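K.L.:
Number of protein chains: 2
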Amino acid sequence: MFAQLARPFFAELDATMRQVVSRIPEDVPGFAVMLHYALGWSDENGLPYHQATGKRIRPLLLLLCAQAAGGRWHTALPAAAAVELLHNFSLIHDDIQDNSPTRHKRPTVWKIWGEANAINAGDALFSLSFCALEGLADSVAPSTLLRVWQIFNATTLELTRGQHLDMRFEHQPTVSVDEYLSMISGKSAALIAACAEIGSLVGSEDMAVAAHYAEFGLNLGIAFQIRDDILGIWGDPNVTGKSAATDILSRKKSLPVLYGLSHSPELASVYQRDTFTPADVTEAVALLDRLGVRDYTQQQETFFYRRALAALENAQPRGEAAGQLMQLVENLFGRAY
Amino acid sequence: MFAQLARPFFAELDATMRQVVSRIPEDVPGFAVMLHYALGWSDENGLPYHQATGKRIRPLLLLLCAQAAGGRWHTALPAAAAVELLHNFSLIHDDIQDNSPTRHKRPTVWKIWGEANAINAGDALFSLSFCALEGLADSVAPSTLLRVWQIFNATTLELTRGQHLDMRFEHQPTVSVDEYLSMISGKSAALIAACAEIGSLVGSEDMAVAAHYAEFGLNLGIAFQIRDDILGIWGDPNVTGKSAATDILSRKKSLPVLYGLSHSPELASVYQRDTFTPADVTEAVALLDRLGVRDYTQQQETFFYRRALAALENAQPRGEAAGQLMQLVENLFGRAY
Numbered sequence: 030m031f032a033q034l035a036r037p038f039f040a041e042l043d044a045t046m047r048q049v050v051s052r053i054p055e056d057v058p059g060f061a062v063m064l065h066y067a068l069g070w071s072d073e074n075g076l077p078y079h080q081a082t083g084k085r086i087r088p089l090l091l092l093l094c095a096q097a098a099g100g101r102w103h104t105a106l107p108a109a110a111a112v113e114l115l116h117n118f119s120l121i122h123d124d125i126q127d128n129s130p131t132r133h134k135r136p137t138v139w140k141i142w143g144e145a146n147a148i149n150a151g152d153a154l155f156s157l158s159f160c161a162l163e164g165l166a167d168s169v170a171p172s173t174l175l176r177v178w179q180i181f182n183a184t185t186l187e188l189t190r191g192q193h194l195d196m197r198f199e200h201q202p203t204v205s206v207d208e209y210l211s212m213i214s215g216k217s218a219a220l221i222a223a224c225a226e227i228g229s230l231v232g233s234e235d236m237a238v239a240a241h242y243a244e245f246g247l248n249l250g251i252a253f254q255i256r257d258d259i260l261g262i263w264g265d266p267n268v269t270g271k272s273a274a275t276d277i278l279s280r281k282k283s284l285p286v287l288y289g290l291s292h293s294p295e296l297a298s299v300y301q302r303d304t305f306t307p308a309d310v311t312e313a314v315a316l317l318d319r320l321g322v323r324d325y326t327q328q329q330e331t332f333f334y335r336r337a338l339a340a341l342e343n344a345q346p347r348g349e350a351a352g353q354l355m356q357l358v359e360n361l362f363g364r365a366y
Numbered sequence: 030m031f032a033q034l035a036r037p038f039f040a041e042l043d044a045t046m047r048q049v050v051s052r053i054p055e056d057v058p059g060f061a062v063m064l065h066y067a068l069g070w071s072d073e074n075g076l077p078y079h080q081a082t083g084k085r086i087r088p089l090l091l092l093l094c095a096q097a098a099g100g101r102w103h104t105a106l107p108a109a110a111a112v113e114l115l116h117n118f119s120l121i122h123d124d125i126q127d128n129s130p131t132r133h134k135r136p137t138v139w140k141i142w143g144e145a146n147a148i149n150a151g152d153a154l155f156s157l158s159f160c161a162l163e164g165l166a167d168s169v170a171p172s173t174l175l176r177v178w179q180i181f182n183a184t185t186l187e188l189t190r191g192q193h194l195d196m197r198f199e200h201q202p203t204v205s206v207d208e209y210l211s212m213i214s215g216k217s218a219a220l221i222a223a224c225a226e227i228g229s230l231v232g233s234e235d236m237a238v239a240a241h242y243a244e245f246g247l248n249l250g251i252a253f254q255i256r257d258d259i260l261g262i263w264g265d266p267n268v269t270g271k272s273a274a275t276d277i278l279s280r281k282k283s284l285p286v287l288y289g290l291s292h293s294p295e296l297a298s299v300y301q302r303d304t305f306t307p308a309d310v311t312e313a314v315a316l317l318d319r320l321g322v323r324d325y326t327q328q329q330e331t332f333f334y335r336r337a338l339a340a341l342e343n344a345q346p347r348g349e350a351a352g353q354l355m356q357l358v359e360n361l362f363g364r365a366y
């Protein structure tokens, strides 16, 4: 159902992205292949790759917001390509920073080409995301393009702020809920907010309308990240594709964990152990369950989810795209815990 | 003399850059300090640092081109800040990629804060360079801003292309002169060209004038890099601040070396040795000298330097800034070998 909704958008998105990435000259040996690989277009040898990689939720959200705000989604394709390229830039650098060997069941870029090349491949996608945005110049007023660019610039800075906090939290004994919300607002929600705001701005050229969409996107992004945190502990490995309680094993300071750490000295002491066995993981999850942390976290998710829906209502989305937008939201939140 | 020329520009440039960097919220612990350190404003603890770090040649070139093309250099300050921030982004990532422990006689960002933080600090400067450019919106026509932005975007992509080739050359047995020129055009000269083009475009809002300045900057950048290659082998350590024949010791495929490698099997065999002693370095330099590589490289430098001056003549720079531009060029090329 969802795949059916997304198909027409994705074909054109893909074409737009490929055109932008083709700005890398073909006679530069070994350069484009890293980007094609990261974007799921090829394997590490440059041969076509046909398995799904990224879900392309962000550009889809952007295109639907453009249409729902009264525009034509085609107009917003350059911006949709830009946010997807920017997202992939952040994944490449993130994987180096987290020392993650795999993504979407494939080796990460740094794992194949080394860290130095992966840093540069990420930088190239960062650069290409701005190149993509140029495409809007043909179809929106200069003042709208300027505003879109400013939102995009601020979003890239928010990404780095969030990433900084996320890395810092690893070495911080306690993290407050407010600090956590500030971190995910930058690292995860800012880009979702930008998708909704930029899409609706391109669609409506009306900053007041776009402000409602931005509010919708920001809260949606926060709710989505909190849900991800729940799945990282209580998610069904068959559905999430990750091992059970993966966030406990990696001692990630996700919302359930930081809440648990500040309410349970026992959990804090488990977390201070030098090595972390499967028995420790089971013990930690049991402590969280006993404290009612899952309920607490779900309440937080619901709080931001409802705020997102209220903002969307205020944005007064129109036409078929309004229904498709709700389908996208429900699809995001319909994932089993 | 040169310092005197630069002083009024640098005070305002500094103020503009500080305002842009202040977009990083102050309540993010440990984030801004990395950027202040990289920009030479503070030591690693955030305390004021008063020794010179970067020479800020690029923004000065941009400002002088704005004035020489008929504008007021103040108008171009946001763009000057943008190129300097972009340059520093590339240095931070470069130092990680090259595994360089020091820059400007201080430990590099990654050496102090680790690679993960340094990647993110570089990304933040990349982002801030675009934020800086926004400042032009108040003073140039929207069509000029759009064109400046496109030049800037293309330049960032060129930087990554050049960086890719530079890293690739390390593992490539032979590198042709054409390949080398393509690499330095991206890695070094593209940003110098962008400074001249963007500055003159802001100053004149005339793309034909800016094209001459771009040609000037590109050739100047190539000549400057070739000169740097000469200094990397034959430079006086007391003047360059680097050890003698530093590029030989690091086996960098600079222009003299790749020319030597393709003309001297003896040099090629020296370069294939597993370890590289001071005696090997002396031998390699002697082989280059015997081949007349220094003369060859100086001829190449002169060729591009003259092309730069011819393009500058075609650009017809005006007023006091025309003389200052020549002073800057002569200062760059007046460094002792």
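Those protein sequences? They're chains A and B, same order as listed. Taking our numbering, the leading residue of the first sequence gets 30, the next gets one more, and so forth. Taking our numbering, the leading residue of the second sequence gets 30, the next gets one more, and so forth. The beta carbon of each residue, even a glycine, is placed where N, CA and C say it ideally should be. This structure is a prediction, so every number in the text was calculated from the model and none was measured.
#1: Could you compute how far the alpha carbon of glycine 151 of chain A sits from the alpha carbon of valine 62 of chain B?
#2: If I follow the unbroken alpha helix (DSSP H) through valine 268 of chain B, where does it start and stop?
#3: Looking at leucine 115 of chain B: is its Cβ nearer than 9 Å to the Cβ of threonine 173 of chain B?
#4: Note down, in chain order, each residue of its chain lying with its Cβ closer than 6 Å to the Cβ of threonine 82 of chain A, except the 5 sequence neighbours on either side.
#5: Less than 9 Å between the C-beta atoms of serine 205 of chain A and glycine 99 of chain A, yes or no?
#6: Output the distance between the C-alpha atoms of alanine 365 of chain B and leucine 354 of chain B, rounded to the nearest integer angstrom.
#7: Kindly list the residues whose CB is nearer than 6 Å to the CB of alanine 273 of chain B, restricted to its own chain and excluding five residues on each side of it in sequence; keep chain order.
#8: Could you tell me whether any Cβ in chain A is nearer than 9 Å to the Cβ of glutamine 96 of chain B?
#9: Shortest alpha-carbon distance to aspartate 167 of chain A belongs to which of A:Ala223, A:Leu106, A:Asp123?
#10: Flag alanine 222 of chain B as yes when its Cβ comes closer than 8 Å to any non-hydrogen atom of the ligand GDP, and as no otherwise.
#11: Under 6 Å Cβ to Cβ from leucine 260 of chain B, same chain only, skipping five residues before and after it: list those, please.
#12: By the DSSP assignment, the alpha helix (DSSP H) with serine 229 of chain A in it spans what residues?
#13: What first and last residue would you give for the alpha helix (DSSP H) that runs through proline 171 of chain A?
#14: Pick from A:Gln48, A:Glu199, A:Ser298: whose alpha carbon is nearest that of cysteine 160 of chain A?
#15: Which chain A residues sit within Cβ distance under 8 Å of arginine 197 of chain B?
#16: Go to isoleucine 277 of chain B, then tell me how far its alpha helix (DSSP H) extends in each direction, as first and last residue.
#17: Using 10 angstroms around the beta-carbon of histidine 122 of chain A, count the other beta-carbons present and answer buried if the total reaches 16, otherwise exposed.
#18: Check distances from the C-beta atoms of the stretch 183-208 of chain A to those of chain B and list, in chain order, the residues that come in under 8 Å.
#19: Name the two residues that bound the continuous alpha helix (DSSP H) containing alanine 65 of chain B.
#20: In the DSSP assignment, the alpha helix (DSSP H) including valine 50 of chain A goes from what residue to what residue?
#21: Closer than 8 Å by beta-carbon distance: list the chain A residues that pair up with arginine 87 of chain B, in chain order.
#22: From B:Ala222, B:Leu210, B:Phe305, B:Pro171, pick the residue whose C-alpha is nearest to that of threonine 275 of chain B; which is it?
#23: Is the beta carbon of alanine 313 of chain B closer than 9 Å to that of tyrosine 325 of chain B?
#24: Figure out for me which residue from B:Phe118, B:Leu175, B:Val286, B:Thr45 has the closest Cα to the Cα of leucine 230 of chain B.
#25: Return the bridge partner residues of arginine 132 of chain B from the DSSP annotation.
#26: Considering only their Cβ atoms, is the gap separating tryptophan 178 of chain B from glutamate 226 of chain A smaller than 9 Å?
#27: Look at the Cβ atom of tryptophan 102 of chain B, then the Cβ atom of leucine 90 of chain B, and state whether they are nearer than 9 Å.
#28: Would you say alanine 110 of chain B lies against chain A (beta-carbon separation less than 9 Å)?
#29: Would glycine 228 of chain B be called buried (16 or more neighbouring beta carbons within 10 Å of its own) or exposed?
#30: With 16 other CB atoms within 10 Å as the buried threshold, where does serine 283 of chain A fall?
#31: Let's test the definition: count the other Cβ atoms within 10 Å of the Cβ of glycine 363 of chain A and tell me whether it reaches 16, buried, or not, exposed.
#32: What residues in its chain sit with their C-beta under 6 Å from that of alanine 237 of chain B, if we drop five residues either side in the sequence?
#33: Look at the alpha carbon of glutamine 126 of chain A and the alpha carbon of leucine 120 of chain A, and state the distance between them as a whole number of angstroms.
#34: In whole angstroms, give me the CA-to-CA distance for leucine 154 of chain A and alanine 108 of chain A.
#35: Secondary structure at proline 77 of chain A, three-state DSSP: helix, strand or coil?
#36: What residues in the stretch 156-167 of chain A bring their beta carbon closer than 9 Å to a beta carbon of chain B?
P.N.:
So, from the listed chains and residues:
#1: 23 Å
#2: 266-269
#3: no
#4: Gly69, His133
#5: no
#6: Caution is warranted here: a pLDDT of 46 is assigned to alanine 365 of chain B, below 50, making its placement in the model unreliable, and the coordinate value is therefore given only provisionally. Rounded to the nearest angstrom, the two C-alpha atoms are 20 Å apart.
#7: Pro266
#8: no
#9: A:Leu106
#10: The ligand GDP is absent from the structure shown, which contains no ligands of any kind.
#11: Thr269
#12: 219-233
#13: 171-198
#14: A:Gln48
#15: Pro58, Gly59
#16: 275-278
#17: buried
#18: Ala183, Thr185, Leu186, Leu188, Thr189, Arg190, Gln192, His193, Leu194, Met196, Arg197
#19: In the sequence as presented, alanine is not what sits at residue 65 of chain B; that position holds histidine. Looking at the DSSP string, the run of the alpha helix (DSSP H) that includes histidine 65 of chain B is 61-67.
#20: 31-50
#21: Chain A residues near arginine 87 of chain B: none, gap ~18 Å exceeds 8 Å.
#22: B:Phe305
#23: no
#24: B:Leu175
#25: B:Arg135
#26: no
#27: no
#28: no
#29: buried
#30: buried
#31: exposed
#32: none
#33: 10 Å
#34: 14 Å
#35: strand
#36: Ser156, Leu157, Phe159, Cys160, Leu162, Glu163, Ala166
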